[in-house]
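Please read the structure below before turning to the comments.
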Amino acid sequence: MTTATADWREQIFDTLKAHDIRQVYYVPDAGHATLIEACQNANSMRAIVLTTEEEAMAGTLGAWLGGEKSVTLMQSSGVGNCINMLGLAKTLRYPMLMLITMRGDFGEMNPWQNSMGQATPKVLEATGCIVFSVERPEDVQPTVNAAANMAFEGNQAVAVLLRQKLIGAKSFGKKMR
Amino acid sequence: MTATLHRRAVVKALMKDPTDDLLVIAGLGQCTWDITEAGDRPQNLPLWGGMGGAVMIGLGLALAQPQKRVLVITGDGDMLMGLGSLATVAAQRPVNLAVVVLDNEKFGETGNQATHTAPVSAGPSERGAGTDLTAVAHGCGIADSATVTQDSEIAALARDARTKAGPIFRNVKVMIETLPNTVMPPKDGAYLKDRFRQAVLGAA
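As they're listed, the protein sequences go chains R and E. Residue numbering for the first sequence follows the working numbering, starting at 888 and increasing by one per position. Residue numbering for the second sequence follows the working numbering, starting at 47 and increasing by one per position.
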């Protein structure tokens, strides 16, 4: 159930449930922590922890071969681990829905995140993904819903980037100026 | 110890008289030719790419189709690229998944360079790390992991791969062979995916 007052994280969970997502592949990110926990506790979903993000593209293919829908939750740095496997969606034409929390984006305090963060949308587009970007809480649910529709109705890789303007930059204990 | 098992004979035994509920994923390279030589069928997914992903495709499929048997047949090169997936499998404990690695200790598609499973003691261009994939799988949490080296073990290997409660992992030491590809599988990924889904799920 999605309500106007619900947190955008809860809205993502409700949207995934409404699309009958059964397998949730993830490498944790703080921005996804609430969602991961909700998926772990959902009877209709299996939360699958990965050692590296590219496992998700292969797992997603297996799930689809067996008739189940899946989603991948990861951080932008994880996209860099996936490049060869992202191409599988174009080759086999199967749905690949990815919700990506951004680092190296608006106001990042850790410079080691910046290069992959800035390359993330380009890498996704280069491998044939449709990329949506969300900066405002009210846009999260409609965008995830639209992305899921395009992925599962179109046998298409679709990524939603949850920007740092939405999730906030990690402060590392430093007072933000 | 020199391997004596022929990979094609092992795969033929693994896939003998397949029923429709046997779903087979083959890692790219020789394993894709091996399963096709044993008999191309819609319930086979012969991979032409996606190196390192065979086990994870098997996991996603096994979780989606718990009533069917999922058999991943792949090589040591593909397995080494996706070692972490063994831990991911162990965390999910799919009872219907078997992973069989045909370990010839070589990257066979690229000029037979030694992989990490080759012995430490061999010559400079043959030297590996002696990596024991069975120990890796066991260490990742797949309790039922074993190595197969003898012809007399093949019948039990095939029985376990097809019927034993999983997840099971078998590392089969096979000879280095250059084999003719008399039958090639279809190459179109979308076609392979669609025919597989139609066979498993019925008409879309």
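Virtual Cβ for every residue (Gly too), placed ideally from N, Cα, C.
Below-8 Å beta-carbon distance, tyrosine 913 of chain R vs any chain E residue
Not closer than 8 Å to any Cβ of chain E, the Cβ of tyrosine 913 of chain R fails to qualify, so no.
Enumerated in chain order, which unbroken segments of the alpha helix (DSSP H) with a length of 4 residues or greater are wholly contained in the segment 941-1022 of chain R?
Fully enclosed alpha helix (DSSP H) runs of 4 or longer: 942-952, 963-968, 970-979 and 1001-1013.
Figure out for me which residue from R:Val1018, R:Phe1059 and R:Lys1061 has the closest Cα to the Cα of leucine 973 of chain R.
The candidate whose alpha carbon is nearest that of leucine 973 of chain R is R:Val1018.
Separation of threonine 938 of chain R from glycine 235 of chain E, as counted between CA atoms
Roughly 26 Å separates the two Cα atoms.
8 Å is my cut-off, CB to CB: does alanine 950 of chain R come that close to chain E?
For alanine 950 of chain R, a Cβ of chain E is located within less than 8 Å of the residue's own Cβ.
According to DSSP, is glutamate 1024 of chain R helix, strand or coil?
In the sequence on display, residue 1024 of chain R carries proline and not glutamate. In the displayed model, proline 1024 of chain R falls within a helix according to three-state DSSP.
Based on the DSSP output, what are the partners of aspartate 251 of chain E in its beta bridges?
What is shown of chain E runs 47 to 250, which leaves residue 251 of chain E out entirely.
From aspartate 190 of chain E to cysteine 1016 of chain R, what distance separates their C-alpha atoms?
Approximately 39 Å, taken between the alpha carbons.
For serine 1058 of chain R versus methionine 1003 of chain R, is the C-beta distance shorter than 8 Å?
Result no, Cβ atoms of serine 1058 of chain R and methionine 1003 of chain R do not sit closer than 8 Å.
Run down chain E in chain order and give the residues with a C-beta less than 8 Å from the C-beta of valine 1010 of chain R.
In chain E, no part has a C-beta under 8 Å from the C-beta of valine 1010 of chain R; the shortest such distance is about 17 Å.
Short check: CB of glutamine 1051 of chain R to CB of methionine 989 of chain R, under 8 Å?
Against a cut-off of 8 Å, the Cβ pair of methionine 989 of chain R and glutamine 1051 of chain R comes out as a contact.
8 Å contact criterion, which glycine 954 of chain R and leucine 247 of chain E should meet: CB distance rounded
Right, the Cβ-Cβ distance comes to about 5 Å (below 8 Å), so this counts as a contact.
In angstroms, rounded to a whole number, what distance separates the CA positions of arginine 292 of chain E and lysine 152 of chain E?
Lying before the first or after the last residue shown, residue 292 of chain E is absent from chain E, which here runs from 47 to 250.
I need the boundaries of the alpha helix (DSSP H) containing alanine 236 of chain E, first residue and last residue.
For alanine 236 of chain E, the uninterrupted alpha helix (DSSP H) segment begins and ends at 235-247.
Length-filtered (3 minimum) beta strand (DSSP E) runs lying within the segment 106-141 of chain E:
Runs of the beta strand (DSSP E) inside the segment 106-141 of chain E: 115-121.
Does the beta-carbon distance from valine 1045 of chain R to alanine 1038 of chain R come in below 8 Å?
A contact, by the Cβ cut-off of 8 Å.
Whether or not the segment 87-101 of chain E and the segment 903-912 of chain R are in contact is what I'm after, with contact meaning three or more pairs of Cβ atoms, one per stretch, closer than 8 Å; do they touch?
Too few Cβ pairs lie closer than 8 Å, so no.
Express the C-alpha separation of glutamine 196 of chain E and methionine 47 of chain E in angstroms, rounding to a whole number.
Rounded to the nearest angstrom, the two C-alpha atoms are 11 Å apart.
Beta-carbon of leucine 984 of chain R versus every beta-carbon of chain E: anything under 8 Å?
In terms of beta-carbon proximity, leucine 984 of chain R stays away from the interface with chain E, with every pair separated by 8 Å or more.
8 Å is my cut-off, CB to CB: does threonine 134 of chain E come that close to chain R?
Using a CB distance cut-off of 8 Å, threonine 134 of chain E counts as an interface residue toward chain R.
Please work out which residues of its chain come closer than 7 Å, Cβ to Cβ, to proline 140 of chain E, disregarding the five sequence neighbours upstream and downstream, and give them in chain order.
Around proline 140 of chain E: Leu105, Ala108, Leu109, Gly212 and Pro213.
Closer than 7 Å by C-beta to histidine 162 of chain E: which residues in its own chain qualify, once you throw out the five before and the five after it? Chain order, please.
Excluding five sequence positions before and after histidine 162 of chain E, the CB atoms of its chain that fall closer than 7 Å to its own CB belong to Leu126, Gly174, Ala175 and Thr177, given in chain order.
Where does the unbroken alpha helix (DSSP H) through isoleucine 1054 of chain R begin, and where does it stop?
It spans 1051-1054 - the alpha helix (DSSP H) in which isoleucine 1054 of chain R sits, taken as one unbroken run.
Which stretch, first to last residue, makes up the alpha helix (DSSP H) that contains valine 182 of chain E?
179-186 is the span of the alpha helix (DSSP H), which, as asked, contains valine 182 of chain E.
Are any of the Cβ atoms in chain E nearer than 8 Å to that of leucine 903 of chain R?
Judged by the 8 Å Cβ criterion, leucine 903 of chain R is not in contact with chain E.
N- and C-terminal bounds of the alpha helix (DSSP H) containing valine 57 of chain E:
Unbroken alpha helix (DSSP H) run through valine 57 of chain E: 53-60.
Residues of chain E with CB under 9 Å from glutamate 942 of chain R, in chain order?
Neighbours of glutamate 942 of chain R on chain E, chain order: Gly98, Gly99, Val101, Met102, Leu105, Gly128, Gly130, Ser131 and Thr134.
Contact list for the segment 220-236 of chain E against chain R, Cβ threshold 8 Å:
Hits within the stretch, in order: Gly235 and Ala236.
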